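**Student:** Okay, so the sequence shown: first residue is 87 according to my numbering, each after it adds one.
Cβ coordinates follow ideal geometry from the N, Cα and C atoms, glycine included.
Values in this document were obtained by computation on a predicted structure and should not be read as measured data.
Structure incoming, see below.
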Amino acid sequence: MQSITTIAECYHTKIITTSPKAKIPGAVHIEFDEHNALKSARDIVKTAIENFPNRGNNVDIPEEQTDQVAGFSHETINYLLGGMFRASYRPLNDNIINGRIRGVAGVVGCNNARVKHNEGHVAMVKELIKNDVIVLTTGCNAIACAEAGLMTPEAASKYAGEGLASVCETVGIPPVLHVGSCVDNSRILIAATAMVKDGGLGDDISDLPVAGAAPEWMSEKAISIGQYFVASGVFTVFG
């Protein structure tokens with residue numbers, strides 16, 4: 087990813103880093119301070135606004151638009167399943183036990199030039215939800231699923247199997263849940279840990295009907311993510 091600034095030099099684009107642990111030569115560094123988050127955000131937006139006049143006229147903005155519902159952190163999923171006073175993963179566990187949902191898959195990873203753009207991501211996710219497997223996604227896979235129209239509650243009746251669709255309709259969630267950015271994959275493991283804690287499916291993550299996949303992985307970062315998924319007991323596939 088370090089070479090992204092070299093590519094940006096060919097255009098008008100500015101690359102902004104925010105983490106003190108992940109600075110990139112040639113990038114603008116605006117460090118994120120959680121105690122002054124609004125100021126950090128304003129500085130980034132101001133930088134973008136000031137740079138906008140440098141944008142050329144040959145920008146291709148697609149006319150197609152799709153909706154998505156995002157923001158499904160572990161806490162949000164917990165609340166949606168159980169409510170304010172009974173927040174729990176138990177409804178998910180119960181619907182796996184009764185067969186309406188066959189399992190949970192974390193599908194993540196970047197795009198890869200070996201296949202048509204987004205093809206691997208969308209094909210895998212569509213097949214999973216068609217077979218009643220609810221999908222938790224992050225990063226580039228989440229973008230691919232959003233562009234394919236898989237991240238709205240209405241998508242459940244169109245793409246999901248009968249069991250998963252009925253659960254999504256009851257709870258009011260999409261069959262594909264946007265859990266965060268590409269560095270938020272640990273949230274998927276937090277959800278798996280909560281499933282174990284609420285009981286009924288086993289005493290360890292390795293006992294759960296869960297899997298991880300990176301259909302179009304292309305960077306060393308993906309390998310490290312896959313390693314900690316495997317080390318946590320999750321069946322993991324790299325495309």
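If we call anything under 8 angstroms between Cβ atoms a contact, is Gly235 one with Ala241?
**Tutor:** Translated into positions along the sequence shown, residue 235 becomes position 149. Translated into positions along the sequence shown, residue 241 becomes position 155. Yes, these two residues count as a Cβ contact at 8 angstroms.
**Student:** Could you name each continuous beta strand (DSSP E) segment of 3 residues or more that falls completely within the segment 168–217, going from the start of the chain to the end?
**Tutor:** Listed in chain order, they are 189–193.
**Student:** Would you kindly report the start and end of the unbroken alpha helix (DSSP H) that includes Val155?
**Tutor:** Position 69 of the sequence shown, counted from the first residue, corresponds to residue 155. Per DSSP, Val155 belongs to no alpha helix (DSSP H) and is neither H nor E.
**Student:** Determine, using beta carbons only, whether Ala277 and Ile163 come nearer to each other than 8 angstroms.
**Tutor:** Sequence index remark: in the sequence shown, residue 277 carries index 191 (1-based). Sequence index remark: in the sequence shown, residue 163 carries index 77 (1-based). For Ala277 and Ile163, yes; Cβs fall inside 8 angstroms.
**Student:** Under the rule that 16 or more other beta-carbon atoms within 10 Å means buried, what is Ala28, buried or exposed?
**Tutor:** The structure shown has nothing for residue 28, since the chain only spans 87 to 325.
**Student:** Once DSSP output is grouped into helix, strand and coil, what is the label at Gly312?
**Tutor:** Working through the sequence shown from its first residue, we reach residue 312 at position 226. Here Gly312 sits in helix by DSSP.
**Student:** What do you get for Lys132, buried or exposed, if any count of 16 or more other CB atoms within 10 angstroms of its CB means buried?
**Tutor:** In the sequence shown, residue 132 corresponds to position 46, counting from 1. With fewer than 16 Cβ atoms within 10 Å of its Cβ, Lys132 is classed as exposed.
**Student:** Within this structure, are the beta carbons of His98 and Asn140 separated by less than 8 angstroms?
**Tutor:** The count along the sequence shown starts at 1 and reaches residue 98 at position 12. The count along the sequence shown starts at 1 and reaches residue 140 at position 54. Against a cut-off of 8 angstroms, the Cβ pair of Asn140 and His98 comes out as a contact.
**Student:** Suppose the cutoff is 8 angstroms on Cβ atoms and the five residues either side in sequence are ignored; what does the same chain contact list for Pro111 look like?
**Tutor:** Locating residue 111 in the sequence shown gives position 25, counting from the first residue. These residues qualify, in order along the chain: Gln88, Thr91.
**Student:** Could you tell me the alpha carbon to alpha carbon distance between Val269 and Pro260, rounded to whole angstroms?
**Tutor:** If you number the sequence shown from 1, residue 269 lands on position 183. If you number the sequence shown from 1, residue 260 lands on position 174. Straight-line Cα distance between these residues: approximately 22 angstroms.
**Student:** Put Val114 into one of helix, strand or coil per three-state DSSP.
**Tutor:** For the purposes of this step, residue 114 is taken as the residue at position 28 of the sequence shown. In this structure, Val114 counts as strand in the three-state DSSP scheme.
**Student:** Apply the 10 Å Cβ neighbour rule to Ile147 and answer buried if 16 or more other Cβ atoms are within range, or exposed otherwise.
**Tutor:** In the sequence shown, residue 147 corresponds to position 61, counting from 1. Burial call: exposed.
**Student:** So Leu300 packs on Gly325, CB below 8 angstroms; how close in whole Å?
**Tutor:** As a working note, residue 300 is residue 214 in the sequence shown. As a working note, residue 325 is residue 239 in the sequence shown. One detail in the question is off: residue 300 reads as Ala in this sequence, not Leu. Their Cβ separation, rounded to whole angstroms, is 6 angstroms, which keeps Ala300 and Gly325 in contact under 8 angstroms.
**Student:** Which residue marks the beginning of the beta strand (DSSP E) containing Thr224, and which one marks its end?
**Tutor:** Position 138 of the sequence shown, counting from 1, holds the residue named residue 224. Counting along the chain, the beta strand (DSSP E) containing Thr224 begins and ends at 219–224.
**Student:** For the segment 206–214 against the segment 172–185, are there 3 or more C-beta pairs whose distance is under 8 angstroms?
**Tutor:** Contact fails: fewer than three Cβ-Cβ distances are below 8 angstroms.
**Student:** Straight-line CA distance for Ala308 to Arg186?
**Tutor:** The residue you call residue 308 lines up with position 222 of the sequence shown. The residue you call residue 186 lines up with position 100 of the sequence shown. Cα to Cα, Ala308 sits roughly 31 angstroms from Arg186.
**Student:** Relative to the C-alpha of Asp290, which residue among Cys254, Asn122, Leu275, Val257 is closest?
**Tutor:** To locate residue 290, count along the sequence shown from 1; it is residue 204. Here the closest residue by C-alpha is Leu275.
**Student:** May I have the straight-line CA-CA distance separating Ile183 from His264, to the nearest angstrom?
**Tutor:** As a working note, residue 183 is residue 97 in the sequence shown. As a working note, residue 264 is residue 178 in the sequence shown. Roughly 24 angstroms between the two C-alpha positions.
**Student:** Among the residues of its own chain, which have a CB less than 7 angstroms from the CB of Thr224, if the five just before and after it don't count?
**Tutor:** For the purposes of this step, residue 224 is identified with residue 138 of the sequence shown, where counting begins at 1. Same-chain partners within the cutoff: Val194, Val265, Gly266, Ser267, Cys268, Asp270, Asn271.
**Student:** Do we get a CB-CB distance below 8 angstroms when we pair Ile135 with the residues of chain C?
**Tutor:** This model lacks chain C altogether, as it is built from one protein chain only.
**Student:** Determine the DSSP secondary structure at Val282, reduced to helix, strand or coil.
**Tutor:** The count along the sequence shown starts at 1 and reaches residue 282 at position 196. In this structure, Val282 counts as helix in the three-state DSSP scheme.
**Student:** Assuming Ile135 contacts Ile102 (C-beta within less than 8 angstroms), just tell me the rounded distance between them.
**Tutor:** The count along the sequence shown starts at 1 and reaches residue 135 at position 49. The count along the sequence shown starts at 1 and reaches residue 102 at position 16. Incorrect: roughly 13 angstroms between the Cβ atoms, too far for contact.
**Student:** Would you give the residue range spanned by the beta strand (DSSP E) that Thr256 belongs to?
**Tutor:** Within the sequence shown, numbered from 1, the residue matching residue 256 stands at position 170. Looking at the DSSP string, Thr256 is not in any beta strand (DSSP E); the run it does join, the alpha helix (DSSP H), is 248–257.
**Student:** According to DSSP, is Val265 part of a helix, a strand, or is it coil?
**Tutor:** Your numbering for residue 265 matches position 179 in the sequence shown. Three-state DSSP puts Val265 in a strand.
**Student:** Just verifying my parser: in three-state terms, what is the DSSP assignment at Val131?
**Tutor:** Position 45 of the sequence shown, counted from the start, is the residue given in the question as residue 131. Helix, per DSSP.
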